[in-house]
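Have a look at the structure below before the remarks.
Protein chains: 2
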Amino acid sequence: MFDKRSEKLGTERSEIRELFECANAMRAEGREVYDFSIGNPTAPTPEKVTEELVRLLREEPSARLHGYTSAAGDMTVRRAVARQLQSASGVSMSEDLVFMTCGAAASLVIALTAVLERGEEVVVPAPYFPEYAVFTETAGGRLVPVKTDGRFHLDLGEMERAITERTRAVLLNSPNNPTGAVYGKEELRALGELLRKKGMGYGKPIFLLSDEPYRELVYDGAPPVSPLAVYENTVILYSFSKSLTLAGERVGYLAVSSRCAQKERLFAAMAGAARAHGYVCAPALFQRALASCLSEKCDLGQYRACRDLLHTSLSDMGYACTLPEGAFYLFVKAPRGDGKEFSERAKGFGLMLVPSDSFGIAGYVRISYCVPLAVAEGSLPAFRALLASYR
Amino acid sequence: MFDKRSEKLGTERSEIRELFECANAMRAEGREVYDFSIGNPTAPTPEKVTEELVRLLREEPSARLHGYTSAAGDMTVRRAVARQLQSASGVSMSEDLVFMTCGAAASLVIALTAVLERGEEVVVPAPYFPEYAVFTETAGGRLVPVKTDGRFHLDLGEMERAITERTRAVLLNSPNNPTGAVYGKEELRALGELLRKKGMGYGKPIFLLSDEPYRELVYDGAPPVSPLAVYENTVILYSFSKSLTLAGERVGYLAVSSRCAQKERLFAAMAGAARAHGYVCAPALFQRALASCLSEKCDLGQYRACRDLLHTSLSDMGYACTLPEGAFYLFVKAPRGDGKEFSERAKGFGLMLVPSDSFGIAGYVRISYCVPLAVAEGSLPAFRALLASYR
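Top to bottom, those sequences are chains Z and A.
The first sequence begins at 1 in the numbering used here and counts up by one.
The second sequence begins at 1001 in the numbering used here and counts up by one.
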C-alpha cells in the first residue's frame, strides 16, 4: 500500500531509540541512569556563534537575512570554507566547488547520489556509521564493508581486495564513529596511492568521500592530515553539528578538490542530486552566521576529561578498549564477545550502551561520552558491578 | 560517469536563473530592471518571530537549544501545529501525526516517496509548480497534469477522466503558484466526493496532498476552507517560507488527518522516507521559535497593493490576466500566445517575466509581485511600451 522501503525504514527497530525509552522508563521508576547512547553534543556552542546570530537578527533586514540563498549557498560562507580548507590542506580549493548542505546526512545523500550509477559499490572501513548503508541504498548503490586492523585503522591489504571495477568511491570517516580512530598521514597516503593505481587500472577515477563531522574533535598531537593533501579525487563532507554543537540546525557542506577529475561535472551532479531530494538550500541564517565563525570550535576539555576518565578506569577494571584519538566515542569489547547480550545486561546496571552490530561489526558496544563529566564519574561503580556480574 | 539524472537536473537550463543573470548584466550596464522572476518574499518577518529567536538564543542553554530534536520534530511545536489545524478545519488532528520538515520541497519529497509505489500516478491541476515533476520522479511515480477552467479553478470533469486505478494521490496547491487561484468550498467538496467515489471503486484510498505554503496569503473574503474539512484521506504540506518570510530557513511540516486511512502506517512511511533522503530533523532553533508564533503572519499590505496596481493597470493597458485571489503571482496571457517569445521580448524593456511552459501550460508568463511597491509602479511604463511593440 505504501512504499515498502519507506515503511520498513520508518518502522524498523532502532536500538538507540529503545535505549532512550528504556532510560526514560528507568528514570520514571527513580533509578539512576547513565545514558551513553546518543551522540548529541553537550559542550556549549561557542559564544561567538551565538553573538553573530543575535547580531544578524538585530541588524540585518529580515527578508534579506532569511531569504533563499542560491542552491549551492551564500557566496561569503562558500569562499570562507574554500579558504579554510585550502590553508589546512595546502591544496588549492575554490568557492565554486563548495556546496552548502543541510548537514552531514544531506552531504552523504547528495554526494552518493551524484557519483553512483545503479549497482556501483562504495567501500567503507568497518565499523561504520549505520546510516551509510541506508544512504548508499537510496543512491542505488551497494555498501561494501572492509575489515580494519586491531586499532581500527585502515588495513590496506583488505582495502585492495575489496576495490574492484564496480567500486565508484571509498567512504572514510576520521575521526571515526564509533571507534574514535583518527587516520594518520602514512595510511592516508598509502590509500591515496592505492586509489590512484586502482583508478588507472580500471580507467576511471575512484572518489574518496571524506565524511568529517568530527574533524575538530582530536585530542592528541597535531591536527590530522586532510585527505585533500594525499589524493586528488577527494570530496569533503562536513557538518557543523559536533564542532560547534549545532546538531539540530542542519548545516554543513560538500567541497570538491580543485584537483578532482571532472570536477565541474561532479559539482553539477551534486547540485542536481540536491534538487532531486528537495534540498533547496542550507538554512540561511546559519550560513550567514558561520561565514565569520569557521575557526571557532567548542571547548574540548569536557570531552577529553570524559575520554581519559572512562578509558583509564574501564581499562583498569579489566575492560578491553582502545584509546579514542578523536570524536567522542569509546568502543568497548563485550566480555563474552556478544555486544547485544552485553548491552542488554548493562541496562540492568543503569548503563545505556549501543551494541556494535548495526555498525557492521559484532562483539562490542559504543559509549558516547559527550556527557557531563559528573555522569561519567557517577557511572564507574555501575561499570565495575557490570563486569563483576560476568565472574 | 556520474548519475545521469543528477547531472541532467544539475545542468539543465533554468529560465529563472537565466532571467536573474540577465537582470544582473543589464544592471551592470546601468539599465533599469524590474525583476518579477523569483518568489523570494520581501515583506518583513514578523517582529515577534525575531524577538523569539533572540530570546531563545539569549536564554536557553545552547547545547539543548541547538541539539537534535526527534526526527518528527519537537513535541511542543507539533502540538501547536495540530491545535492550529484542528481549530481552522474543525477536524480532529493529533501531534502524533505531525512531522516537522526542512520546508515545502522536503515535505513534497517525503510525502510522495511515502505514498507512491513505482509507476503510480499523481494527478495535478495545471499549471503547477515545476518541481512537482522532479519530486514525483524522485519518488518513482509519474505526474499527470489536468486542465483547469478559464479562471484556473478545478475542472472536475477533467479530474474524473484523469484519475485511474494507477492514481495514488492528487496534489493540490491553493493558493496557487503560478496563477493565484484559491479553491472554494464547493469545488473542494466536489473533489472530495470524487476521490471518495474513485477510491471505493478501486478499493484503495486516493490521498489528497495539499501543498499550502501560501495558505495565509489570501486577499479577499474569509479564509479558504481546508481540504481537511472536505476529505478524510488528506495530508497537509506546509512551509513557513512565505507566511513568515523565512524562505531560506527551510522549515515546514507534514500533517496527516486523524480521519485518514492507515494513518499510522502512512506516518511511519513518511518517517522512513525522510530518513532515506537524509532528513535528520527540521532546523531546531526555528522549530522551537515557531511553537509560539503560529498565528503570526507577515503584513499582506504590500503584496495586496502590488496585486491591485498590476492587475488593474495591466488590464487597463490591454493585457489579459485573471485577478489573483491569493499567493503573490499574476499570470498574464502572452499577446501572441507564445510565452517564451513574450518573456524574451520583455527583457528588452527591462522586465523579467517567467514563461509558463515549465508550469505545464503554454502561452503565459508569471509575474512574481512580491516586490516593493515602487518596483511595481516603476515598471508600468515598460509594460505599456512592451505591449505597444506588438502593434
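Backbone N, C-alpha and C fix where the C-beta goes; we use that ideal spot for every residue, glycine too.
Keep in mind that this is a model prediction, so the values were computed, not measured.
### Task
Would you please verify whether the beta carbon of A/Leu-1057 is less than 7 Å from any beta carbon of chain Z?
yes
#### Entry: chain Z within 7 Å of A/Phe-1207, Cβ atoms only
no
### Task
Please report the Cβ distance between A/Gly-1039 and A/Ala-1282, rounded to the nearest whole angstrom; I am assuming they are in contact, meaning their Cβ atoms lie under 8 Å.
Their Cβ separation, rounded to whole angstroms, is 21 Å, which puts A/Gly-1039 and A/Ala-1282 out of contact at 8 Å.
### Task
Consult DSSP for A/Pro-1372 and reduce its assignment to one of helix, strand or coil.
coil
#### Entry: Three-pair Cβ contact test at 8 Å for the region 268-276 of chain Z versus the region 211-227 of chain Z
no
### Short-range partners of chain Z found in the region 1062-1084 of chain A, where Cβ spacing is below 7 Å
Ser-1062, Ala-1063, His-1066, Gly-1067, Tyr-1068, Thr-1069
### CB-CB length for A/Cys-1102 against A/Tyr-1279, believed under 8 Å
6 Å
### A/Ala-1255: first and last residue of the uninterrupted beta strand (DSSP E) it sits in
1252-1256
### Task
Could you spell out the range, first to last residue, of the alpha helix (DSSP H) harbouring A/Leu-1246?
Per DSSP, A/Leu-1246 belongs to no alpha helix (DSSP H) and is neither H nor E.
### Query
In this structure, what does DSSP give as the bridge partners for A/Met-1352?
DSSP, once it has assigned bridges, lists A/Asp-1035 as partnering A/Met-1352.
### Task
Assuming A/Gly-1252 and A/Ala-1106 form a contact by the criterion Cβ under 8 Å, report the distance between their Cβ atoms to the nearest whole angstrom.
7 Å
### Query
Shortest alpha-carbon distance to Z/Glu-377 belongs to which of Z/Ser-62, Z/Lys-347, Z/Ala-305?
Z/Ala-305
### Query
What does A/Val-1134 touch in chain Z if you count any residue whose Cβ is under 8 Å from its own?
Near A/Val-1134 (Cβ distances below 8 Å), the residues of chain Z are Arg-275, Ala-276.
### Query
Where does Z/Arg-265 sit, in a helix, a strand or coil, going by DSSP?
helix
### Message
Going by DSSP in three states, Z/Lys-333 sits in which element: helix, strand or coil?
### Response
strand
### Query
Who are the neighbours of A/Thr-1245 on chain Z, taking C-beta pairs under 7 Å?
Going along chain Z in sequence order, the residues near A/Thr-1245 (Cβ under 7 Å) are Ser-62, Ala-63, His-66.
### Task
Go ahead and label A/Tyr-1390 buried or exposed: buried means 16 or more other beta carbons lie within 10 angstroms of its beta carbon, across all protein chains shown.
exposed
### Task
Give the DSSP-derived three-state secondary structure of A/Ala-1169 in the structure shown.
DSSP, reduced to helix, strand and coil, places A/Ala-1169 within a strand of the structure shown.
#### Entry: Pick from A/Glu-1060, A/Ser-1092, A/Thr-1050, A/Tyr-1068 that is closest to Z/Ala-63, judged by C-alpha positions
A/Thr-1050
#### Entry: Residue range of the unbroken beta strand (DSSP E) whose run includes Z/Ser-239
234-239
### Task
Would you decide whether Z/Glu-120 is buried or exposed? Buried here means 16 or more other CB atoms lie within 10 Å of its CB.
buried
### Query
How is Z/Arg-366 classed by DSSP in three states: helix, strand or coil?
Strand.
### Query
Taking Z/Glu-165 as the reference, which of Z/Gly-67, Z/Ile-206, Z/Arg-384, Z/Lys-347 has the closest Cα?
Z/Ile-206
### Helix, strand or coil at A/Arg-1118 according to DSSP, with G and I counted as helix
coil
### Per-residue burial, A/Glu-1212 [other beta carbons within 10 Å of its own, 16 or more giving buried]
Buried, because 16 or more other Cβ atoms sit within 10 Å of the Cβ of A/Glu-1212.
### As assigned by DSSP and simplified to three states, the class of A/Thr-1179
coil
### Query
Would DSSP call A/Met-1075 helix, strand or coil?
helix
### Task
Report yes or no: is there a C-beta of chain Z within less than 7 Å of the C-beta of A/Phe-1036?
No, A/Phe-1036 does not count as interfacial toward chain Z.
### Exposure of Z/Glu-117, with buried meaning 16 or more beta-carbon neighbours within 10 Å
exposed
### Query
Name the chain Z residues that come within less than 7 Å of A/Asn-1040, Cβ to Cβ?
Gly-67, Tyr-68
### Query
Is A/Leu-1208 helix, strand or coil when you go by DSSP?
strand
### Message
Cβ closer than 7 Å: which chain Z residues qualify as neighbours of A/Val-1280?
### Response
Here the neighbours are Gly-103, Ala-105, Arg-250.
### CB of Z/Phe-129 within 7 Å of CB of Z/Ile-367, strictly
no
### Task
Please check if any C-beta of chain A sits within less than 7 Å of the C-beta of Z/Val-122.
The beta-carbon of Z/Val-122 is placed no less than 7 Å from the nearest beta-carbon of chain A.
#### Entry: C-alpha gap between A/Lys-1008 and Z/Arg-31, whole angstroms
57 Å
### Task
My understanding is that A/Gly-1350 touches A/Met-1026, with C-beta atoms under 8 Å, so please give their C-beta distance in whole angstroms.
7 Å
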